[in-house]
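Notes for the one structure printed next.
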Amino acid sequence: MEERGIDRSWNYQTDSSDERGKDFNRLSQLVSTQISKISQNVATIQRMVAQLGTTQDSEHLRQNLHEIQHFTHTLSQTTMESLKNLSSLPSPSNASEQRQWKLQRERLTNDFSVVLNNFQAVQRSAAQKEKVSVLRARVDSGIGGNPFNENASELNANVVSQEKLQIEQNLDIQTIQEREQVIRQLESDIMDVNQIFKDLALMVHQQGEVIDSIEANVDNAQVHIDQGSTQIQRAAQYQSKARRKKMLCCSVIIVLIIVISLIIYFTTGGEKVRIKLCESGCGVW
1 MEERGIDRSW NYQTDSSDER GKDFNRLSQL VSTQISKISQ NVATIQRMVA
51 QLGTTQDSEH LRQNLHEIQH FTHTLSQTTM ESLKNLSSLP SPSNASEQRQ
101 WKLQRERLTN DFSVVLNNFQ AVQRSAAQKE KVSVLRARVD SGIGGNPFNE
151 NASELNANVV SQEKLQIEQN LDIQTIQERE QVIRQLESDI MDVNQIFKDL
201 ALMVHQQGEV IDSIEANVDN AQVHIDQGST QIQRAAQYQS KARRKKMLCC
251 SVIIVLIIVI SLIIYFTTGG EKVRIKLCES GCGVW
């Protein structure tokens, strides 16, 4: 019964370790895919930002730019959560697997940090160009002139012109307000990326402490193994010396027994010879 219980426990531990390995591989692949997508989006955003303020600039371009920026911002937050989940997985008991997990986590964390930094840089560049565009639009939408210095006919013509300018001005103001809202959203996203950087730094710090603790446990285990090996070697040496001493004592005892036996033998044999000689002499006389 106990053996069956041990077998079930061992199988459960093995299955649990296999599941952790599958979870680690799945999350690693997910994070790697997310980082790759962020990197692709950053490259696209960089090309689009370079077109702002040029002849290729348009409202359609700006709309697409805002959408891909927002998507990439959301994807960055999702990737951070995936990295946290990856980091929270219990480390395997095998030292080799621990090192492999550590290297994989460090690689993904470093890759994410690089693309996140590139994304934040292009966000700042886009925000700066948007600000310049808004300031230029504000200047261009200004209305000048003084209608009170003109005659009635000119005044009537100017009224129509002023109404047209007012409509255009209202459209400009709406566009400016929309762009200002975009700028505020960009600045908010930049602050969010700063928070992601902070979370990433904290995770790396905590992960480092866990890894150091694991490595310390492995080192301690190695020390205990070395100490155990040393003690076994010493015990073997003591046992070997004791065996040699025992063999030496046995040899000495055997030699003593042989010597004593010879002494007894020769002593007993001499007495018999003397007795026979004595009997022979007595018979003659």
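Here the sequence shown stands for residues 1 to 285, where the numbers follow full-length UniProt numbering.
Every residue, glycine too, gets a C-beta built ideally from N, C-alpha and C.
It should be emphasised that the depicted structure is a prediction, and the values quoted were computed from it without experimental measurement.
- Message: Quick check on D7: does DSSP put it in helix, strand or coil?
- Response: Taking the first residue of the sequence shown as 1, we reach residue 7 at position 7. Here the model assigns D7 a pLDDT of 49, short of 50, so the residue's position is not dependable and the matter cannot be decided.
- Item | CB of I35 within 7 Å of CB of D111, strictly | Residue mapping note: residue 35 aligns to position 35 of the sequence shown, counting from 1. Residue mapping note: residue 111 aligns to position 111 of the sequence shown, counting from 1. I35 is a Cβ neighbour of D111, given a cutoff of 7 Å.
- Item | CB contact below 7 Å: S36 versus chain D | Here there is only one protein chain, and chain D is not present.
- Query: Going by beta carbon distance, what residues of the same chain come within less than 7 Å of Q120, once the five residues before and after it are set aside?
  - Reply: Your numbering for residue 120 matches position 120 in the sequence shown. Leaving aside the five residues that flank Q120 on each side, the residues in its chain whose CB is nearer than 7 Å to its CB run, in chain order, I190, V193.
- Just confirm the distance between the C-beta atoms of L89 and R20, as a whole number of angstroms; I'd bet it's less than 8 Å. For this step, residue 89 is matched to residue 89 along the sequence shown. For this step, residue 20 is matched to residue 20 along the sequence shown. Confirmed, Cβ separation roughly 6 Å.
- Backbone secondary structure at S125 - three-state DSSP: By 1-based counting over the sequence shown, the position of residue 125 is 125. S125 carries a helical assignment under DSSP once its states are collapsed to helix, strand and coil.
- Query: Residue range of the alpha helix (DSSP H) that L83 falls in?
  - Reply: Here residue 83 refers to the residue found at position 83 of the sequence shown. 59-87 is the span of the alpha helix (DSSP H), which, as asked, contains L83.
- Query: Which class does L135 belong to by DSSP, given the choice of helix, strand or coil?
  - Reply: Position 135 of the sequence shown, counting from 1, holds the residue named residue 135. In the structure shown, L135 sits in a helix (DSSP, three-state: H, G or I).
- Query: Does the separation of the CB atoms of I38 and V134 fall below 7 Å?
  - Reply: On the sequence shown, position 38 is the one that residue 38 refers to. On the sequence shown, position 134 is the one that residue 134 refers to. Result no, Cβ atoms of I38 and V134 do not sit closer than 7 Å.
- Using a Cβ-Cβ cut-off of 6 Å (strictly less than) and excluding sequence neighbours within five positions of L108, which residues of its own chain qualify? Here residue 108 refers to the residue found at position 108 when the sequence shown is read from its first residue. Same-chain partners within the cutoff: V31.
- Between the Cα of M203 and the Cα atoms of H73, T33, E81, S58, which residue gives the shortest distance? Taking the sequence shown and counting its residues from 1, the one referred to as residue 203 is at position 203. Measuring from the Cα of M203, the nearest candidate turns out to be E81.
- Task: Taking 7 Å as the cut-off, decide whether the C-beta atoms of V122 and V49 are in contact.
- Result: Residue 122 sits at position 122 when you count from the first residue of the sequence shown. Residue 49 sits at position 49 when you count from the first residue of the sequence shown. Yes.
- Is Q69 buried or exposed, if buried means 16 or more other CB atoms sit within 10 Å of its CB? Numbered from its first residue, the sequence shown carries residue 69 at position 69. Within a 10 Å sphere around the beta-carbon of Q69 sit 16 or more other beta-carbons, which makes this residue buried.
- To which residues of the same chain is T79 closer than 8 Å at the C-beta, ignoring the five residues directly before and after it? Locating residue 79 in the sequence shown gives position 79, counting from the first residue. Residues V31, Q34, I35, I38, F112 of the same chain have their beta carbon placed closer than 8 Å to that of T79, with the five preceding and five following residues left out of the count.
- Is R21 helix, strand or coil by DSSP? Start at 1 with the first residue of the sequence shown, and residue 21 comes out as number 21. Looking at the sequence itself, residue 21 is Gly, so the reference to Arg does not match. The answer is helix: DSSP assigns G21 an H, G or I state.
- Would you identify the three-state DSSP class for S93, choosing helix, strand or coil? Residue numbering aside, residue 93 sits at position 93 when the sequence shown is read from its first letter. DSSP, read as helix, strand or coil, puts S93 in coil.
- My understanding is that P183 touches A127, with C-beta atoms under 8 Å, so please give their C-beta distance in whole angstroms. Sequence index remark: in the sequence shown, residue 183 carries index 183 (1-based). Sequence index remark: in the sequence shown, residue 127 carries index 127 (1-based). In the sequence as presented, Pro is not what sits at residue 183; that position holds Ile. That pair is a contact at about 6 Å.
- Message: Cutting at 7 Å between CB atoms, please list the residues of its own chain near R124, excluding the five before and the five after it.
- Response: Walking along the sequence shown from the start, residue 124 turns up at place 124. Its chain contains I190 as the residues whose beta carbon lies nearer than 7 Å to that of R124, once the 5 sequence neighbours on both sides are disregarded; these appear in chain order.
- Residue environment, N255, which counts as buried when at least 16 other CB atoms sit within 10 Å: Indexing the sequence shown from 1 puts residue 255 at position 255. First, the residue type needs correcting, since residue 255 is Val and not Asn in the sequence shown. With fewer than 16 other beta carbons inside 10 angstroms of its own, V255 counts as exposed.
- So what's T44 in DSSP terms, helix, strand or just coil? Along the sequence shown, one-based indexing puts residue 44 at 44. In the structure shown, the three-state DSSP call for T44 is helix.
- Is L52 helix, strand or coil by DSSP? For the purposes of this step, residue 52 is taken as residue 52 along the sequence shown, with counting starting at 1. It is coil, neither helix nor strand.
- Query: Which term fits V42, buried or exposed, when burial requires 16 or more other beta carbons within 10 angstroms of its beta carbon?
  - Reply: To locate residue 42, count along the sequence shown from 1; it is residue 42. Its Cβ being crowded by 16 or more others within 10 Å, V42 is buried.
- Query: Roughly how many angstroms lie between the CA atoms of L83 and S91, to the nearest whole one?
  - Reply: Position 83 of the sequence shown, counted from the first residue, corresponds to residue 83. Position 91 of the sequence shown, counted from the first residue, corresponds to residue 91. Taking the straight line from one Cα to the other gives about 15 Å.
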